[in-house]
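Report on one structure; see the data block that follows.
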Amino acid sequence: MPHTTYMADRMGAATIEPQGPVEAGSFASFTLTYTAGYFGIDDTGSLKVVFRFASDMARPQFTDPAAPGYTTVEASNGAVLEVAFDNKRNIRPWDKTLFIRVMRGFMREGDTITVRFGDRRKGSPGIRVQTMAEPTFEFRVLADPFATYNYCELPAQPFVPVVAGPPVKWVAVLPTLRRVGEHFRLCLKAEDKWGNPTGQANARLQFRPSRPVGNLAKTLDWKPGRVAAVLEDLHVDHPGDLVIDVLDEKGAVLCASNPLRIAEKAELLPFWCDLHGQSEETIGTNSAEEYFAFARDLGFLDAISHQGNDFQITSAFWKRLNELSAEYNRDHRFIAFPGFEWSGNTGLGGDRNVLFMQEGRQIHRSSHALVDDVSDVATDANTAEQLFHALKNEDCLVFAHIGGRYADIKMAHDIRLERSVEVHSDWGTFEWLLHDALEQGYRVGILANSDGHKGRPGASYPGASLFGAYGGLSCVLARELTRPAIMDALRCRHHYASTGCRMVLDVRARFDGPAERFENDPQLGPTRAFAVREAIMGDIVRSDREITLTVEALGSAPIERLEIRNRLETLETVRPFAKAELGSRIRVIWEGSEYRGRGRQTVWDGEARLTGNGFARVAPVNFHNLDKKLTRHDAGRVSWQALTTGGFGGFDAWLDDADSGTLAIDTALVKAEIPVASIGLDDLVFATEGGINRRIRVFRLPDENTSRHVKLERRIKPTRGRDDALYVCVTQEDGHLIWSSPIYVI
180 MPHTTYMADR MGAATIEPQG PVEAGSFASF TLTYTAGYFG IDDTGSLKVV FRFASDMARP
240 QFTDPAAPGY TTVEASNGAV LEVAFDNKRN IRPWDKTLFI RVMRGFMREG DTITVRFGDR
300 RKGSPGIRVQ TMAEPTFEFR VLADPFATYN YCELPAQPFV PVVAGPPVKW VAVLPTLRRV
360 GEHFRLCLKA EDKWGNPTGQ ANARLQFRPS RPVGNLAKTL DWKPGRVAAV LEDLHVDHPG
420 DLVIDVLDEK GAVLCASNPL RIAEKAELLP FWCDLHGQSE ETIGTNSAEE YFAFARDLGF
480 LDAISHQGND FQITSAFWKR LNELSAEYNR DHRFIAFPGF EWSGNTGLGG DRNVLFMQEG
540 RQIHRSSHAL VDDVSDVATD ANTAEQLFHA LKNEDCLVFA HIGGRYADIK MAHDIRLERS
600 VEVHSDWGTF EWLLHDALEQ GYRVGILANS DGHKGRPGAS YPGASLFGAY GGLSCVLARE
660 LTRPAIMDAL RCRHHYASTG CRMVLDVRAR FDGPAERFEN DPQLGPTRAF AVREAIMGDI
720 VRSDREITLT VEALGSAPIE RLEIRNRLET LETVRPFAKA ELGSRIRVIW EGSEYRGRGR
780 QTVWDGEARL TGNGFARVAP VNFHNLDKKL TRHDAGRVSW QALTTGGFGG FDAWLDDADS
840 GTLAIDTALV KAEIPVASIG LDDLVFATEG GINRRIRVFR LPDENTSRHV KLERRIKPTR
900 GRDDALYVCV TQEDGHLIWS SPIYVI
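Counting the sequence shown from 1 gives a position; our numbering is that position plus 179.
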């Protein structure tokens with residue numbers, strides 16, 4: 180317990196009304212009543228009503244009775260109360276704090292303090308509830324009756340269930356590749372507008388596959404109460420690509436699945452993983468058991484790992500996490516790795532994630548900052564170098580992560596253990612971490628995960644907080660769905676990363692003559708080598724011959740561009756459409772971040788005006804936070820509220836005339852006037868000083884792009900004197916990015 184437990188039963192009690200379920204993201208009004216206990220509250224004593232870091236419930240405000248979030252606080256005996264709200268006024272994870280101090284008076288036993296969150300008595304619509312479902316959303320109350328500022332948590336805490344709203348979106352998930360005749364499954368769910376799986380759907384679903392599918396039912400009756408469905412034992416008996424449309428009973432398309440490739444043969448199969456997220460026992464939402472269950476049953480993942488902040492993981496919770504990973508791990512069905520997030524201070528190396536092959540291993544914390552039991556403090560690893568030393572004989576892997584803290588891989592890196600870097604999570608997009616690795620000559624793969632705090636691994640929406648992105652996924656190319664096979668694939672960097680979509684991606688290097696593929700990174704010392712004529716993503720190969728790079732991408736949405744990269748250089752930008760196909764649609768993109776640390780959010784609030792032309796219609800790109808809106812005011816003006824944390828957002832605009840007029844963009848960071856006729860296939864870039872890649876890009880697209888498939892070959896000459904690191908980055912029109920791990924050619 181981080182607070183005193185002295186006579187907790189005499190510190191008072193708190194209740195909440197109403198107690199019934201409330202819809203996620205809705206506006207509501209809550210009345211919290213604190214009744215003073217035996218000690219009352221002395222003059223300048225105080226209360227705290229605290230909420231989790233992960234909660235995105237709207238911030239209370241105390242000045243405008245008609246506005247959202249209006250909150251009032253009253254003492255039954257007329258004592259004067261000082262009231263303030265601060266995001267960091269209590270110990271994490273309960274750091275969001277409504278602070279109430281008793282001034283000019285005191286309270287006796289039985290006196291009450293009444294807090295009305297979203298007080299509607301003078302016109303406020305209420306306070307916006309957090310956007311993620313949680314069965315026990317707490318209004319946690321701490322009391323300081325003695326004015327010592329040593330708080331006691333009340334023994335019983337008031338809470339309300341937060342439940343999903345009505346369905347607005349259907350989701351259909353297929354695997355990415357199977358061999359001819361192999362059985363697979365179709366996973367289905369309905370989500371509310373904030374991304375919570377909902378049991379409120381009521382529909383008769385129909386299925387329209389793009390090719391015949393054995394054992395696929397024609398219809399499925401979906402009754403209220405059902406949250407998900409899995410159609411098992413499907414198969415396709417001929418090679419080709421499959422997409423399944425899901426329709427309502429009137430034939431309207433509700434959603435389409437991601438693409439599934441059916442191959443005659445395949446040595447490796449793709450498995451989708453979210454290897455990084457947390458639960459309420461550290462800084463997330465919902466329990467660790469609910470975390471694993473969501474990943475398997477509602478995130479439709481193949482593999483998962485729980486990665487709690489180490490300085491919050493008690494020995495008892497570490498034991499429980501190991502029990503859960505063992506319980507949920509099932510070969511060929513669902514893989515769960517034990518692990519933890521090493522959360523060292525930035526100056527000591529920054530965040531790393533540790534995946535163990537087996538349970539029962541020693542956790543090496545970066546500190547015991549929030550763990551009172553220091554009996555195992557000698558096992559701590561306070562720096563990244565100490566962590567790598569402590570793990571040197573373990574069967575485990577490490578990957579570098581950017582969260583609140585960022586991994587400084589220039590300061591510390593171990594090529595034996597740290598095989599990959601995470602370039603995307605809920606926190607944003609961080610290609611600069613890959614650039615750091617390549618600049619240092621490291622040979623790393625590319626991962627993306629959610630680092631989800633909202634209890635939705637595999638489907639991690641940012642909600643309404645300052646998390647800047649939808650959570651990522653990693654596609655691991657492995658022999659089979661077992662721990663050893665997934666771990667081997669991760670060690671070999673045989674994987675690609677996505678900001679959340681499920682794409683079919685194949686990147687290979689073919690060599691004109693024999694080449695050597697190394698079993699392990701030769702920088703580690705002598706290793707076996709195999710004669711090959713081809714390499715896949717993640718391989719390390721020695722060759723002095725010209726390379727034929729082959730790339731095939733099959734998207735879950737139309738493909739906007741594909742970039743072929745070698746280290747820090749973009750060799751070519753490929754688009755699946757020709758310049759002659761461009762139409763009246765332009766795309767405006769803002770992107771970047773302020774700096775590497777916690778306050779990285781770049782605000783892009785602004786507007787665009789069109790003179791001598793008009794906006795026929797507009798559509799947002801990457802507006803995952805529903806509080807941030809794109810608004811078309813009239814034919815000549817569009818405005819928006821937006822922020823980025825390393826990734827990008829923006830909008831498409833279909834113009835009345837393809838070439839007329841002038842587009843004026845006005846934000847705090849970029850102001851530009853652009854002749855519409857000058858907007859073409861190539862990006863017009865308007866960069867800002869400072870920050871990391873802060874800029875606005877404007878370019879033109881076809882009025883409708885139906886190209887979801889790119890297949891190409893390019894000849895590449897090897898570079899003398901250093902590795903070539905060949906990889907691709909694919910951008911889908913829906914705003915998703917996909918990166919292949921590099922092929923390293925020595």
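From the three backbone atoms N, C-alpha and C, an ideal C-beta is built for every residue, glycine too.
Using C-beta distances below 6 Å, list every residue in its chain close to residue i, excluding the 5 sequence neighbours before and after it, in chain order.
i	result
residue 740	752, 754, 910
residue 252	260, 262, 279, 294
residue 626	578, 599, 601, 653, 676
residue 762	881, 882
residue 580	530, 532, 586, 601
residue 717	624, 671, 672, 673, 920
residue 913	736
residue 711	694, 696
Do you know whose CA, among the options, lies nearest residue i's CA?
i	options	result
residue 371	446, 343, 284, 391	343
residue 714	690, 701, 700, 731	690
residue 873	886, 617, 822, 406	822
residue 456	248, 411, 469	469
residue 424	462, 443, 353	353
residue 453	603, 347, 775	603
residue 858	866, 870, 839, 826	839
residue 976	391, 900, 907, 875	One cannot answer for residue 976 here, as it falls past the ends of the chain, which runs 180 to 925.
residue 869	236, 826, 774, 807	774
residue 901	885, 491, 925	925
residue 544	606, 684, 553, 538	553
residue 885	619, 893, 757, 837	757
residue 250	236, 698, 721, 296	296
Among residues of its own chain, excluding the 5 on either side of residue i, which ones have a beta-carbon nearer than 8 Å to its beta-carbon?
i	result
residue 219	285, 286, 287, 288, 290, 324
residue 429	none
residue 383	398, 399, 400, 401, 427, 428
residue 464	231, 233, 234, 311, 313, 458, 632, 633, 634
How about residue i and residue j: are their beta carbons less than 9 Å apart?
i	j	result
residue 787	residue 842	yes
residue 880	residue 746	no
residue 531	residue 577	yes
residue 905	residue 895	yes
residue 405	residue 380	yes
residue 193	residue 335	yes
residue 357	residue 229	no
residue 207	residue 302	no
residue 642	residue 309	yes
residue 849	residue 871	no
Pull up the distance between the alpha-carbon of residue i and that of residue j, whole angstroms please.
i	j	result
residue 777	residue 784	20 Å
residue 438	residue 419	10 Å
residue 733	residue 182	54 Å
residue 239	residue 337	18 Å
residue 862	residue 877	6 Å
residue 460	residue 655	28 Å
residue 645	residue 769	17 Å
residue 196	residue 273	21 Å
residue 224	residue 637	44 Å
residue 200	residue 448	43 Å
residue 865	residue 612	23 Å
residue 497	residue 592	25 Å
residue 945	residue 499	Residue coverage of the chain in this structure runs from 180 to 925, which leaves residue 945 outside it and unanswerable.
residue 743	residue 664	29 Å
residue 846	residue 903	39 Å
residue 573	residue 535	8 Å
residue 377	residue 488	29 Å
By Cβ distance below 7 Å, which residues in the same chain neighbour residue i in space, the five residues on each side in sequence not counted?
i	result
residue 360	414, 416
residue 221	285, 324, 325, 326
residue 191	213, 214, 215, 216, 322, 333
residue 799	809, 830
residue 791	839, 840, 841
residue 583	777
* Residue ranges of each alpha helix (DSSP H) within the stretch 609 to 682, 4 or longer -> 610 to 618, 662 to 670
* To do: Could you name each continuous beta strand (DSSP E) segment of 3 residues or more that falls completely within the stretch 745 to 796, going from the start of the chain to the end?
  => 748 to 753, 764 to 772, 785 to 790
* Going along the chain, which unbroken runs of the alpha helix (DSSP H) with 4 or more residues stay wholly within the stretch 811 to 885? -> none
* **Runs of alpha helix (DSSP H) wholly within the stretch 490 to 577 (minimum 4 residues, chain order)** => 494 to 507, 563 to 569
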